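Quick notes on the structure that follows.
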Amino acid sequence: MRLHKLTLTAFGPFGATQEVDFDALSSAGIFLLHGPTGAGKTSVLDAVCYALYGAVPGARQSPGTSLRSDHAPVDRPTEVCLELTVGGRRLEVTRRPAQPRPKKRGGGHTTEKAQSLLREYAPEHGWKALSRSHQEIGEEIGGLVGMSRDQFCQVVLLPQGDFARFLRADAEARGKLLGRLFDTRRFAAVEERLAEQRRAAEARVRSGDEQILALAHRIAQAAGPAADEALPAEAKPGEPGLAEAVLSWAAVARGGARERLDIARCGLAAAEERSSAARRALEAERELDRLQRRYAETRRRAAGLEERRAERDRCHEQLARARKADLVAPALDLRDRAERAHRAAADARVRSRAGLPHELADAGLDQLADRERGFRAQLGALDAARRAERRSREIDDERGGLDRQSRSDDELIQEAAQWLAGWDATHRSLAERVETARDAATRAEQLAGRLEPARRRLEAARRCDALATQEETAAAALTAARESAADAHETWLALREQRLLSVAAELAGQLVDGAACAVCGSAEHPAPARAGAGHVDRATEEAALAAHQRAEQARARAEGERGVLRERLAAARAEAADPQEGAEPAGRAAVSVAGLRAVVDRLTREHADAHRLAAGTHAAREALAAAEREHLGRIEDQRRAERRTAARTSQREALDREQASLEAELVTARGACASVAEHAGLLERRAGLLADAAEVLRAEHEAAGRLKEADGRLADAAFRAGFDTPQAAAAKLLGDAAQRELQHRVDAWQTEAATVADRLAEEDAVAAAARPPALPDEAQRAYDLSVRVLRDSASAHSAAQERGAELDRLSRRAEDEVRALGPLREEYEGVARLAGLTAGTSADNERRMRLEAYVLAARLEQVAAAATARLQRMSSGRYTLVHSDERSGGRRAGLGLHVVDAWTGRERDTATLSGGETFFASLALALGLADVVTDEAGGVRLDTLFIDEGFGSLDDQTLDEVLDVLDSLRERDRSVGIVSHVADLRRRIPAQLEVVKERHGSAVVHRAAGPLSG
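Using my numbering, read the sequence shown as starting at 95 and increasing by one per residue.
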């Protein structure tokens, strides 16, 4: 890497633009960077670091510090531009930090975001822009340089103070610096990873032991008294031999459980045998008790039969007499019916004679029949008189009808006369109504033609008001949409910039172990980038872009909606305008709503009135036609009524004559009655009474004959049945229910007698009765006791079986857990040994060196070898730097650094060097470290180096030797910049860059280059 030119503007103490030509300074090989304290020598180096990495070294990049010069005017931006060649490519890096600037509109300041630009020079095309992304530029420069910012600051900008402290530092401090330079984080990660694996494996082993102990406790619970020995109390998770102890103890518990199961099985068999014997004895006692009770009951039933024998004989005799009396029963029933019929006929005769005249109370059948025939003959003579009476009533009805018709016609004539008297006024009123309706229809048509345009203008005026409000709302929405679109655009650009800055972390997230990197092609990924604070991924950027696009679409829609509303508003204003007025539409629309509403209301009312009157045109015409038809009809009705009145007069005279002739005939036929019908009804009732009395008398004579015949038949039937009189037979009669009851008693006695005889003949019952009384209760108690003993034995046997099965199941689970834990325990032992070895805590690691310290020790040994080559020249062959891995006290070994003094032949600590010796030793160490780090970074050539201070501690001879060593770097085409206050160096080194401190900001001055003076 070779620096060509550095341009600074408003950076640090430099208020104006300053240029540093490194090509001119490097032509002499060594150049001097000097100036008064605070002038800005270190700021030049900070600018180089900032141009490459976007940050300055160390504490100067702490929060709250600003890179902008306080001497620069507000309109001059801070900027650093570095031109360099690295990796065979000529590049130009320009960076601007985040800085305040005046607002373009209004007062005050706003913070401008940081900016970066990377360009590349090609001979055939000139300068070409490569990227403006902070992240892409950082990755590009870091890949070409091959060093991080910390490595660059230690290797290219050699801070002698840091290396002097490195010489005097302890192993821990040296480890921190070397770890930062050589990036041994992967080895520390290996240590941590192994420690984590050891802890995880240990946790899994302890978890497995805990599960085995839990199973052991469950085995102890399941075994109960079968466990002869308790689980060892000292058994703890992680202890060696725990699994074997648990398995042995479980085997002992299973043996005890099997022994108890055999004992329980024998006890159960004995209890079952005793229970069976007790059950058989109980059944035998119960059977004996049943037979004895059965025989005793049979004897009691036999005694009861003997006591009921007399009753059985009485029932049998009563049933036989009743069955004989049943033979006389039909004759008794016939005589009873005949007697009831005779009494009924006698009662009817008495009732029929009560309605006859006194002289006919004892009349016979012939006399009653003669009187009935006389009344029937009189009824036949009254038929003609009844017809004449009906005609007389009809004549009266016809007269009433004629009177009603006469009154109706008189009313009709009078009503017609009154109506016709007002016909002229009615006709004029109806004609005027028809004419008014015609005029109203014409006016309604005219008002309708004026109302519709007025309504359209009113609606247009209302739309004007609504559209004006909507247009204002749309304008506000458009303004908000524009602001939202602008904010979304700025947000998207900011997120895109942040994503470009952290794209390395995004690419690192896609890396897969063993797969080639998409950027460098390597299959190994030792230090993938990590996402920092504020990391933006692709999804966030795309979401922001989508939000920006949606905001733009919303803004376009808002503009379109506002344009449509403005067009609709203009059209509505034109429609609301009065074509007969000459004012502008906009002015008319503002005042037309109220006026148009009043006009429309007035026209609406007038049109409604006219329409209501016009709607009655047809009704008025119909009313006029109906009135004319009614006028003609009333005249005709009046004439017909007069004609009917004349016809009724002649009809009434004919009816009077017919009724007079009928009345003379009816007077004779009525007799003493009020009417012929009444006289006929009286004759009809008398004839009916006589007929009924004759019929009742005839029925009485027939009933007496039947009663006499029934008495003869009853006497004959009683004699044949063996009874002296019919009354004796009737006394022995029984109903069907009574006879069935007697038969049931007899049958029950006989059945019971047969049953008792059979049971008395049973041999087993007779034999049981001869034995002593049975004792079933004692047998039941003995059986219940045997059942309880059997139940307890079965429970004990079942519990022993379950205990044995549970112990077998838990023992199998314990064996499975022990087998599953074996590989985990082996894995834990291997990982634990490896973790202890890398952590330096294992007995196999004699020097107690951690893996990271071991790697750093190898690097330190390389650095010491590279530094010794220059230290021997600077010290005239006296000193040599060597690496030491000896332990000091109780500390760990690995990062010791000693110096070998050739004059004394002894090795001593670097902290014993003097000030000047410390300087050139640290310088040699820095140069050696630069070589080693360069080789570590991939062999990138470093053509420009800077050495900061420390030369004032050297004498002239040592200074000459140091300068000779630095001058020898030109052999490798390198240039070295020395930053120093030493005045003698300004005489020895002609190529100089002086930093001048002025009131308005520092400035740089180039001095001519010449040969190096000794």
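Beta carbons: idealized from backbone N, C-alpha and C, even for Gly. Being a predicted model, the structure only gives us computed values, none of them experimental.
First through last residue of the alpha helix (DSSP H) which encompasses residue i
i	result
E186	Counting along the chain, E186 falls outside any alpha helix (DSSP H), though it belongs to the beta strand (DSSP E) covering 183-190.
G1071	Where G1071 is concerned, there is no enclosing alpha helix (DSSP H), although the beta strand (DSSP E) it sits in stretches over 1069-1073.
H977	Segment 973-978 is the beta strand (DSSP E) holding H977; no alpha helix (DSSP H) there.
H891	870-933
E646	632-670
G237	228-239
F281	279-317
H838	830-854
R865	R865 -> no alpha helix (DSSP H), and no H or E assigned at all.
L1079	1077-1082
P820	820-825
Bridge-paired residues (DSSP) for residue i
i	result
A1097	V1090
R1000	D995
W221	Y215
Q209	R190
H203	P196
G990	S978
K99	D115, E177
Beta-carbon contacts of residue i that lie in its chain and below 7 Å, excluding the five residues immediately before and after
i	result
G934	R942, M943, R944, R986
G134	G106, P107, F108, V1089, S1096
G681	Summary for G681: the model assigns pLDDT 41, below 50, so the residue's position carries little reliability, and this model does not support an answer.
K222	R213, E214, A216
L836	C409, Q412, L413
P446	The amino acid at residue 446 is misidentified as Pro; the sequence shows Ser. Excluding residues within five positions, the ones whose Cβ falls inside 7 Å are D786, A787, V790.
E492	L749
D115	K99, H1100
E565	R656, L659, R660, L663
R728	A510, W513, L514
V881	S369
Span of the beta strand (DSSP E), counted from its first residue to its last, around residue i
i	result
E173	173-180
Close beta carbons around residue i, own chain, < 6 Å, minus the five adjacent residues each side
i	result
R853	T392
G984	Residue confidence for G984 is low, a pLDDT of 47 falling below 50, so the modelled location carries little weight and cannot support an answer.
A677	With a pLDDT of only 42 at A677, under 50, the local geometry of the prediction cannot be trusted, and no value is derived from it.
S887	G361, L362, A365
P679	Model confidence at P679 stands at a pLDDT of 44, short of 50, so the residue's coordinates are unreliable; what they give is reported in the following sentence. Counting only Cβ-Cβ distances below 6 Å, and skipping sequence neighbours, we find R667, A668, A671.
Nonlocal neighbours in the same chain, by C-beta distance under 8 Å from residue i, ignoring five residues either side
i	result
A641	A582, T585, W586
P424	A811
Q833	L413, A416, R417
T520	A721
* Quick one: which unbroken alpha helix (DSSP H) runs of 4-plus residues sit fully inside the segment 106-161? Chain order, please. => 116-120, 135-147
* Are the segment 870-880 and the segment 371-386 in contact at 8 Å, needing three or more beta carbon pairs? -> The segment 870-880, when compared against the segment 371-386, does touch it at the 8 Å Cβ threshold.
* contact_flag[the segment 647-662, the segment 506-519] where n(CB pairs < 8 Å) is 3 or more -> no
* **Within the segment 402-467, ranges of the alpha helix (DSSP H) (whole runs, at least 4 residues)** => The segment 402-467 is shown to contain whole alpha helix (DSSP H) runs of 4 or more residues at 403-419, 423-448, in chain order.
* Give a yes or no on contact between the segment 785-801 and the segment 437-444, applying the rule of three or more CB pairs nearer than 8 Å. => yes
* Do the segment 531-545 and the segment 644-653 meet, that is, are 3 or more Cβ pairs less than 8 Å apart? -> No, because fewer than three Cβ pairs between the segment 531-545 and the segment 644-653 fall closer than 8 Å, the two stretches do not touch.
* Asked: Is the number of C-beta pairs between the segment 896-916 and the segment 415-424 that are closer than 8 Å three or more?
  -> Counting C-beta pairs with one atom in each stretch, the segment 896-916 and the segment 415-424 have fewer than three that are closer than 8 Å, which means they do not touch.
* Say whether the segment 918-937 touches the segment 380-387, bearing in mind that this needs 3 or more beta-carbon pairs closer than 8 Å, one atom from each stretch. => In the pairwise beta carbon analysis, the segment 918-937 is classified as not touching the segment 380-387: fewer than three pairs are separated by under 8 Å.
* Taking 8 Å as the threshold, find out whether the segment 180-192 comes into contact with the segment 114-129 through three or more Cβ pairs. => no
* Say whether the segment 736-743 touches the segment 550-566, bearing in mind that this needs 3 or more beta-carbon pairs closer than 8 Å, one atom from each stretch. => By the criterion of at least three beta-carbon pairs nearer than 8 Å, the segment 736-743 is not in contact with the segment 550-566.
* Asked: For the segment 708-720 against the segment 565-577, are there 3 or more C-beta pairs whose distance is under 8 Å?
  -> No, because fewer than three Cβ pairs between the segment 708-720 and the segment 565-577 fall closer than 8 Å, the two stretches do not touch.
* contact_flag[the segment 815-826, the segment 485-503] where n(CB pairs < 8 Å) is 3 or more -> no
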